[in-house]
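What follows is one structure encoded as structure tokens, with my remarks underneath.
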DNA sequence: GCTCCTGTCTGTTAACTTTCCAGACGATTT
DNA sequence: AAATCGTCTGGAAAGTTAACAGACAGGAGC
């Protein structure tokens, strides 16, 4: 720790004011006073200083009460812009926002099946930027959420990415080069977790895990309010976890050495369903069918829950989190029924009584999470604000809407 | 974030000075200036202020160079005292230290087999305090390291504690009552991890896991330099982890559903050894014998390493830590050979190439870890210093030794 | 071997700067 | 008339730069 002169106080107070303005939208001077705890003259001086530095701007007047109309202030959004991108095998979904968090424009485009993905991606970003009146190289930061995880050593997508055409090269490096803007690539489940922490089920919780049972099982781990990425970007990559098959129905699996991913693959789940007399073309459909069917369906769901819970048990044994969130197509299809079955099975496997809930997936969690992630990077760079999401964030400010 | 007046500067600077003095032992004013970055008059004023508040004391003079002898300053150790205790089924090992980290006295006593453990414990603490010229109720904080983990809900020891006589009541509560001092009870493996982070193999690493393969498998998880305890104190309690038995030799285990602890129990390891033609009365002895034996011994060690690595793989899949440390009797007995076999097996199970090393267990890691833990609590209370061990700690100051 | 000078370091004092606070005052709006 | 906004004035708290007196080691000179 180092000591500081009065100059340090300035920095602390400026940052406090900027953070308050970002969080709580346009504010009058007196509101800002109360939020950051400075006196009237100090706050006024601070605002004029930040205004001449172009950091804050006047944003209308607040009337209504007695006395003269108060000046409203907000952070100058045009200081910097960011892009948040949800990249899937089928589509790319782009949002351009300014540093205040206001979304300027959105753009969605299909991705080609195999060749030319990079070109399609870059042109979609270019189009989105154009709609916002920007060039891609004016973006302060770009966050791309996609399946898989980037290996920090060589930048390649690892952990069995389901993104055809994106393998075998330094993905963030190539994007950075093509867009002439800083790019970071983040696992999609991690971004969902970020979003759940910011505006979903995990706002009151500091340690939680999002589990994504699917053809490619993923998980995101949040410890102490900070997303855990892992030494090689592989935290939460539990697809390869070796777990025993504890399903009651015999589906001929090698009971001594299945991976979590194998046990929850489409094929394996459909096989399990057939053993219970159910048939459908994929896991999601099977689960829906089982919910509609009677006792046989329930038995299948119990077996499925046992498989899921056995993997979740490993996570709970290692981390003992405050909360487990289930997300993804299968969990959504299974709804509260499957969720509760997993919770019940989990209780029999581990000592902690960790609550299991369905993730609150509304809207576009991956893109939203990417937006928050990019904003955190940009705000750290521009304002020196700490990027760790500690205090609850009250959601982005909508452009031009005074509160 | 809140803003601050000049008074906040005082607090920041005082804390910086106290931290520098705690870390780097007795310092002259000019050394302190350089460390915290204040000017000469400000530092001098700060020291006289802290001296009149009894927070720092003069600690001899530094001669040798030109000019007058410089005054040495250090934190007033007598401000508060703490106790660090290593509690095992057989013995209790107590150290009393002051807030500067100087150990005033040590005391070790045997524990009774079944009855009267509480009384024996309290009397041992009383004796240790007496040697230091204190009463137990003068202790600002007491940290007890022991096997198992305390359930925060009711204070009872959980996770199959191997501490006879300590079950079925609110352990920290009862100790607090008997000693009339604040007590916290911490898992012993957690304290070993803390010690490895402060002065062992993990000083350069922020995310690591200590694995303790034994009759009761434990693990300690450190994320971002902070020990993870878990929502119900159960983080790292991987004894109950469901893993398949991947040993080649058939020992008649239920391949579909063993727990990690069952596969590494004394009985199970001896059975595995017998399948390889080795016999001894406990796991530690078997491992030693296998090291001495030839190829058959090696085959057994490979099988043992497969069991250990399968459990470790679950941890790596969830956390992707920078480092895995093996500790405890079995790992010690197996030495580098077993360590390397585990590392090799682990590579076949997971994507990350997590290094596996033997813990650097010298001296008394549990008691030492308890000491650091108690000091962190005391320093937070007395000086308002943040308790998270972020910056590397350079070891406690030995009583009365000027540097 | 002794004395004295010099350079360097310690610790203190004084004057100045930066930052914030308390309170007063005029202007504005209901 | 009452409340509120924005600004102004004087002062308090904290730190910085600069200068000074005193202490001590080392070397020069005898």
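Protein chains in written order, with the working numbering: chain A, 1 to 403; chain B, 1001 to 1403. Quick reminder that beta carbons are idealized off the backbone N, C-alpha and C, glycines included.
At a cut-off of 8 Å between beta carbons, residue 1093 of chain B makes no contact with chain A. In the three-state reduction of the DSSP assignment, residue 308 of chain A falls in the helix class. Within chain A, the residues placing a beta-carbon under 7 Å from that of residue 1322 of chain B are 231, ordered along the chain. Taking each of A:370, A:271 and A:241 in turn and checking the Cα distance to residue 1310 of chain B, the smallest one comes out for A:241. At least 8 Å separates the CB of residue 123 of chain A from every CB of chain B. With contacts defined as CB atoms closer than 8 Å, residue 1085 of chain B and residue 1075 of chain B fail to qualify as a contacting pair. Between residue 1314 of chain B and residue 314 of chain A a beta carbon distance of about 5 Å is seen, short of the 8 Å cut, so the two are scored as contacting.
Here residue 129 of chain A is buried. Its C-beta has 16 or more other C-beta atoms within 10 Å. Taken in chain order, the unbroken stretches of beta strand (DSSP E) that lie wholly in the segment 1172 to 1202 of chain B and span 3 residues or more are 1183 to 1187. Comparing alpha-carbon positions, the option among B:1333, B:1318, B:1060 and B:1328 lying closest to residue 1285 of chain B turns out to be B:1333. Residues 82, 182, 374, 377 and 378 of the same chain have their beta carbon placed closer than 6 Å to that of residue 141 of chain A, with the five preceding and five following residues left out of the count. By the neighbour-count criterion, in which 16 or more other beta carbons inside 10 Å mark a residue as buried, residue 110 of chain A falls on the exposed side. Using a Cβ distance threshold of 8 Å, residue 266 of chain A and residue 215 of chain A count as a contacting pair. Residue 1163 of chain B sits away from residue 1193 of chain B, with the two beta carbons spaced by 8 Å or more.
CA-CA distance, residue 25 of chain A to residue 101 of chain A, rounds to 10 Å. Each residue's CA atom was taken as its position, placing residue 1042 of chain B and residue 87 of chain A some 55 Å apart. Beta-carbon to beta-carbon, residue 1236 of chain B and residue 316 of chain A are separated by about 11 Å, too far to satisfy the 8 Å threshold.
Taking C-alpha positions only, residue 1017 of chain B is separated from residue 1004 of chain B by approximately 19 Å. With a threshold of 8 Å between beta carbons, residue 1222 of chain B makes no contact with chain A. By the neighbour-count criterion, in which a residue is buried when 16 or more other Cβ atoms sit within 10 angstroms of its Cβ, residue 1107 of chain B is buried. In summary, the residues of the segment 18 to 43 of chain A whose CB is separated from some CB of chain B by less than 7 Å are 19, 36, 37 and 38, in the order they occur in the chain. Across the structure, residue 62 of chain A and residue 1145 of chain B are spaced so that their CA atoms are roughly 59 Å apart.
Boundaries of the alpha helix (DSSP H) harbouring residue 1013 of chain B: 1006 to 1024, taken from the DSSP string. Contacts with chain B at 8 Å (Cβ-Cβ) include residue 237 of chain A. Secondary structure of residue 1091 of chain B (DSSP, three-state): strand. Taking 8 Å as the CB threshold, residue 1307 of chain B stays off the interface with chain A. Ranked by how close their Cα comes to the Cα of residue 1197 of chain B, the residues B:1224, B:1187 and B:1180 have B:1224 in first place. In this structure residue 1324 of chain B is in contact with residue 1356 of chain B, their Cβ atoms being roughly 5 Å apart against a cut-off of 8 Å. Between residue 385 of chain A and residue 19 of chain A, the CB-CB gap stays under 8 Å. With contacts defined as CB atoms closer than 8 Å, residue 205 of chain A and residue 219 of chain A fail to qualify as a contacting pair. Straight through space, the alpha carbons of residue 1012 of chain B and residue 35 of chain A are spaced by roughly 21 Å.
As for any alpha helix (DSSP H) of minimum length 4 sitting wholly inside the segment 1314 to 1356 of chain B, the runs are 1329 to 1349, ordered along the chain.
Proximity to residue 363 of chain A across A:296, A:222, A:304 and A:199 peaks at A:199, based on C-alpha coordinates. In the DSSP assignment, no residue is bridged to residue 1043 of chain B. Rounded to the nearest angstrom, the Cβ distance from residue 277 of chain A to residue 159 of chain A is 35 Å, too far for a contact under 8 Å.
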